[in-house]
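As structure tokens, the structure follows; a few thoughts come after it.
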Amino acid sequence: MATFLSLPLEDVIFPQILSRLAPLEVWSLRLVSRDFYSLVYEYYATSCHRVDFIKLEELNVHIVCRILTHCQRLKQLRLNGDCLRHHGNSKTKGDHILLSLKRTRPSLSVLHLQSLLLSGTAVDILKDCCKDIKRLSLIDITVEGKPNEMSNIISDDCSSLEEIRIVDSSFSHHRLQTVLPEQKELKILELSGCHHVKLEFIFPSLPFLHTLSFSHLSWISDQILLTAIEYCPLTVLEVSHCPLVTYKGLQMLQEKGVTVWLVEACTCDYKDACFMHSHQTMASYVAGSSNEQQQVTNYRLLIDDIATKLTRKDVNFLTKRHHLELDQSEGLDPEPGYVLQCMEDKRIFSAKNLETLSNSLKKIGRRDLAELIVQFEKGKYVPVLKEPKQVTDKSTTSVHHLIHRTGNSRWSFDTPKSFYRTSSEQMAKDLQDKQMESEIEIAQDTAKNLQKQLDLFLSKYQLVLPKDMKTSFANALTHVREANHLLSSAQNLSQDVASSHFQRNTMSLSLPTVPSYFHPSQSPGTLPDVSNSHNHTQQQEQPPRHENDKPKGFRRH
Numbered sequence: 001m002a003t004f005l006s007l008p009l010e011d012v013i014f015p016q017i018l019s020r021l022a023p024l025e026v027w028s029l030r031l032v033s034r035d036f037y038s039l040v041y042e043y044y045a046t047s048c049h050r051v052d053f054i055k056l057e058e059l060n061v062h063i064v065c066r067i068l069t070h071c072q073r074l075k076q077l078r079l080n081g082d083c084l085r086h087h088g089n090s091k092t093k094g095d096h097i098l099l100s101l102k103r104t105r106p107s108l109s110v111l112h113l114q115s116l117l118l119s120g121t122a123v124d125i126l127k128d129c130c131k132d133i134k135r136l137s138l139i140d141i142t143v144e145g146k147p148n149e150m151s152n153i154i155s156d157d158c159s160s161l162e163e164i165r166i167v168d169s170s171f172s173h174h175r176l177q178t179v180l181p182e183q184k185e186l187k188i189l190e191l192s193g194c195h196h197v198k199l200e201f202i203f204p205s206l207p208f209l210h211t212l213s214f215s216h217l218s219w220i221s222d223q224i225l226l227t228a229i230e231y232c233p234l235t236v237l238e239v240s241h242c243p244l245v246t247y248k249g250l251q252m253l254q255e256k257g258v259t260v261w262l263v264e265a266c267t268c269d270y271k272d273a274c275f276m277h278s279h280q281t282m283a284s285y286v287a288g289s290s291n292e293q294q295q296v297t298n299y300r301l302l303i304d305d306i307a308t309k310l311t312r313k314d315v316n317f318l319t320k321r322h323h324l325e326l327d328q329s330e331g332l333d334p335e336p337g338y339v340l341q342c343m344e345d346k347r348i349f350s351a352k353n354l355e356t357l358s359n360s361l362k363k364i365g366r367r368d369l370a371e372l373i374v375q376f377e378k379g380k381y382v383p384v385l386k387e388p389k390q391v392t393d394k395s396t397t398s399v400h401h402l403i404h405r406t407g408n409s410r411w412s413f414d415t416p417k418s419f420y421r422t423s424s425e426q427m428a429k430d431l432q433d434k435q436m437e438s439e440i441e442i443a444q445d446t447a448k449n450l451q452k453q454l455d456l457f458l459s460k461y462q463l464v465l466p467k468d469m470k471t472s473f474a475n476a477l478t479h480v481r482e483a484n485h486l487l488s489s490a491q492n493l494s495q496d497v498a499s500s501h502f503q504r505n506t507m508s509l510s511l512p513t514v515p516s517y518f519h520p521s522q523s524p525g526t527l528p529d530v531s532n533s534h535n536h537t538q539q540q541e542q543p544p545r546h547e548n549d550k551p552k553g554f555r556r557h
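Heads up: the sequence shown begins at 1 in the UniProt record's numbering, then just goes up one per residue.
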């Protein structure tokens, strides 16, 4: 009978089963039987290439030390000091673990250390293990009594590093300036909380660097970033708490194909502002704004966070100069209500900026908001820009008039107490505005149909309107009577041109209805019946007409 231990060790058990288990799960297999006890230690000695102690909630330091003591072929070590439990001095828990590597001295290719306090002896051991290191990540690492001792972890012979992440660690900036130019294969560089490093002299030596991440660096400026794009194939940039980096510099990088990612922005006027103040600069940056006074000063904010905040109708971030209002069209779900920003002295985003914003939303998984942008571009979703001090009668002011307002006047708004109009009177006015807009659309369609029918009639009987009598039927909302009068005159003229043909084929035009408030003297929704008026004119007695008695306003070709 086949058992678990009868499976091939090198082909199945070690690479396909034990390597997929957590370190403590493998360690617990020793308690099953003597055979499993031997199996576990054989796995540690021959096939354990990776040990990850980052995602675990709590670990016993002594168990971790015993595991590392038997891992003779270890290649990847990830250790987070926050999840370690030690019964003695908690400050030395990192030393206990790293000193366990003294016997095996593995040749590590990946090392990730986080939240540890080490001694000089532990650093010397790591230096021997990192001669062929490729990926080095040091986060909040401190060497007791020797602030810059951690810099020696990278030996002078090490030249194969592909990724370096140094975050809030005691790493000498002089050592960085010496080591970085030797790393010809470096692809990812992350620095945070370091002293000034003259990177502009280092970038020419890094031909494969494609990702940069800077945080809490007061000396990083636009010029350094532009130098990086000049010498390196930079594609991704992360910036945080770098006050000398401006939006003009970020925009120049974006124009050269660099993806600026995870940028939380805030204007210098709102340094103490909360989360949502950064929406204004973040949205303007995504839309292509180039305001030189806006600076990148915060961290870790995505457009998705802004959208989620606005979806919950939290609009307390609005300032005195920026006031937006949502106007949901009929049939549009108001839940993903993403507010578009209208900057001062600007009306609406251009089509190119809308497309950029839509693509950014798709990349972060907010396709609902991206679809909303598309609907906005098509005119189905319209944000209304209010001007309370000038607009008094909201019921007679259409949305399109407010949006397409032109001129050099500057918008000035007071801080709104409520974002949505909630009173019953204002809601009734909103409903009246929407009904008026729908009726305007019907009237515009009516005008287009009138124009088409008149053009067909004139072309059929070869008639031409004089220039002084041409009417713009695009504005036929106020000229419906004139249009019907022209049609009646054209019918009378057609009797002289083609009376026989016209009598055999009585023409009837069915015209769409027009809202009643455009025709005060007529009943709602009705227009004069052209066919009835023609029959009536035939029944009336008319005096003989001569050739010169044709109705004015028409002439033959």
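For every residue, glycine included, the Cβ atom is placed at its ideal position computed from N, Cα and C.
* Residues bridged to residue 239 by DSSP? -> As a working note, residue 239 is residue 239 in the sequence shown. Answer is 214.
* Asked: If you draw a straight line from the C-alpha of residue 74 to the C-alpha of residue 42, how long is it?
  -> For this step, residue 74 is matched to residue 74 along the sequence shown. For this step, residue 42 is matched to residue 42 along the sequence shown. Near 13 Å, if we compare the C-alpha coordinates of residue 42 and residue 74.
* In this structure, what does DSSP give as the bridge partners for residue 202? -> Sequence index remark: in the sequence shown, residue 202 carries index 202 (1-based). DSSP lists no bridge partner for residue 202.
* Would you identify the three-state DSSP class for residue 53, choosing helix, strand or coil? => On the sequence shown, residue 53 is found 53 positions in, with the first residue counted as 1. Looking at residue 53 - three-state DSSP - the assignment turns out to be strand.
* Asked: On the three-state DSSP scale, how would you describe residue 190?
  -> Within the sequence shown, the letter at position 190 stands for residue 190. Residue 190 falls in the strand class under three-state DSSP.
* **Reference residue 35, options 4, 15 and 60, closest by Cα** => To locate residue 35, count along the sequence shown from 1; it is residue 35. Ranking the options by Cα distance to residue 35, first place goes to 4.
* **N- and C-terminal bounds of the alpha helix (DSSP H) containing residue 139** => Numbered from its first residue, the sequence shown carries residue 139 at position 139. That residue, residue 139, is in no alpha helix (DSSP H); its beta strand (DSSP E) goes 135–143.
* Run the CB neighbour count on residue 203, radius 10 Å, all protein chains shown included, and call it buried at 16 or more, exposed below. => For this step, residue 203 is matched to residue 203 along the sequence shown. Around the beta carbon of residue 203, 16 or more other beta carbons sit within 10 angstroms, so the residue counts as buried.
* May I ask you to list the residues that DSSP assigns as paired with residue 250? => Residue numbering aside, residue 250 sits at position 250 when the sequence shown is read from its first letter. Secondary-structure assignment with DSSP links residue 250 through no beta bridge to anything.
* Asked: residue 257: buried (16+ other C-beta within 10 angstroms of its C-beta) or exposed?
  -> As a working note, residue 257 is residue 257 in the sequence shown. Counting Cβ neighbours within 10 Å, residue 257 comes out exposed, since fewer than 16 surround it.
* Asked: What is the rounded straight-line gap between the Cα of residue 12 and the Cα of residue 39?
  -> For this step, residue 12 is matched to residue 12 along the sequence shown. For this step, residue 39 is matched to residue 39 along the sequence shown. Going by the C-alpha atoms only, they are around 13 Å apart.
* Asked: So what does residue 78 bridge to, in DSSP terms?
  -> Indexing the sequence shown from 1 puts residue 78 at position 78. Answer is 52 and 112, bridged to residue 78.
* Asked: Going by beta carbon distance, what residues of the same chain come within less than 8 Å of residue 254, once the five residues before and after it are set aside?
  -> As a position in the sequence shown, residue 254 is number 254, starting the count at 1. Contacts found: 260.
* Asked: Residues bridged to residue 84 by DSSP?
  -> Taking the sequence shown and counting its residues from 1, the one referred to as residue 84 is at position 84. Note: residue 84 sits in a beta bridge opposite 59.
* To do: Report yes or no: do three or more beta-carbon pairs, one from the stretch 147–154 and one from the stretch 93–100, lie closer than 8 Å?
  => At 8 Å Cβ cutoff, the stretches do not touch.
* **Residues near residue 190 in its chain [Cβ-Cβ closer than 6 Å; skip 5 each side]** => Position 190 of the sequence shown holds residue 190. Taken in chain order, the residues that qualify are 165 and 213.
* Report the partner residues of residue 560 according to the DSSP bridge assignment. => The question about residue 560 has no answer, for the chain in this structure spans 1 to 557.
* To do: State yes or no: is the C-beta of residue 119 within less than 7 Å of the C-beta of residue 138?
  => On the sequence shown, residue 119 is found 119 positions in, with the first residue counted as 1. On the sequence shown, residue 138 is found 138 positions in, with the first residue counted as 1. Their beta carbons are not under 7 Å apart, which means residue 119 does not touch residue 138 by this criterion.
* Asked: How would you call residue 423, buried or exposed, if buried means at least 16 neighbouring beta carbons within 10 angstroms?
  -> Against the sequence shown, residue 423 aligns to sequence position 423. Confidence at residue 423 is low in this model, with a pLDDT of 44, below 50, so its placement is unreliable and the value that follows should be read with caution. The residue is exposed, with fewer than 16 neighbouring Cβ atoms inside 10 Å.
* Go ahead and pull the three-state DSSP assignment for residue 162. => Here residue 162 refers to the residue found at position 162 when the sequence shown is read from its first residue. Under the three-state reduction of DSSP, residue 162 is assigned to coil, being neither helix nor strand.
* Evaluate residue 108 with the Cβ neighbour count: other Cβ atoms within 10 Å of its Cβ, from every protein chain shown; 16 or more gives buried, anything less gives exposed. => One-based indexing of the sequence shown puts residue 108 at position 108. Taking all protein chains shown into account, residue 108 has 16 or more neighbouring C-beta atoms within 10 Å of its C-beta and is therefore buried.
* DSSP three-state assignment for residue 167, whether helix, strand or coil -> Numbered from its first residue, the sequence shown carries residue 167 at position 167. The answer is strand: DSSP assigns residue 167 an E or B state.
* To do: To the nearest angstrom, report how far apart residue 68 and residue 240 are at their CA atoms.
  => Indexing the sequence shown from 1 puts residue 68 at position 68. Indexing the sequence shown from 1 puts residue 240 at position 240. In a straight line, the C-alpha of residue 68 is about 36 Å away from that of residue 240.
* Assuming residue 234 contacts residue 217 under a Cβ cut-off of 8 Å, what Cβ separation, rounded to an integer in Å, is found between them? -> One-based indexing of the sequence shown puts residue 234 at position 234. One-based indexing of the sequence shown puts residue 217 at position 217. With a Cβ gap of about 16 Å, residue 234 and residue 217 do not count as contacting.
* **Local conformation of residue 118 per DSSP, three classes** => The sequence position of residue 118 within the sequence shown is 118, counting from 1. In the three-state scheme derived from DSSP, where H, G and I count as helix and E and B as strand, residue 118 is classed as strand.
* Asked: In three-state terms, what does DSSP make of residue 154?
  -> Within the sequence shown, numbered from 1, the residue matching residue 154 stands at position 154. Residue 154: coil per DSSP, three-state reduction.
* To do: Could you tell me which of 128, 229 and 121 sits nearest to residue 149, measuring between CA atoms?
  => Against the sequence shown, residue 149 aligns to sequence position 149. Answer by Cα proximity: 121.
* Asked: Tell me which same chain residues have a C-beta within less than 8 Å of the C-beta of residue 227, skipping the five on either side of it?
  -> Translated into the one-based positions of the sequence shown, residue 227 becomes position 227. A distance below 8 Å between beta-carbons, with the five flanking residues on each side excluded, links residue 227 to the following residues of its chain, in chain order: 199, 200 and 203.
* Where does residue 69 sit, in a helix, a strand or coil, going by DSSP? -> Here residue 69 refers to the residue found at position 69 when the sequence shown is read from its first residue. Judged by DSSP in its simplified three-state form, residue 69 adopts helix.
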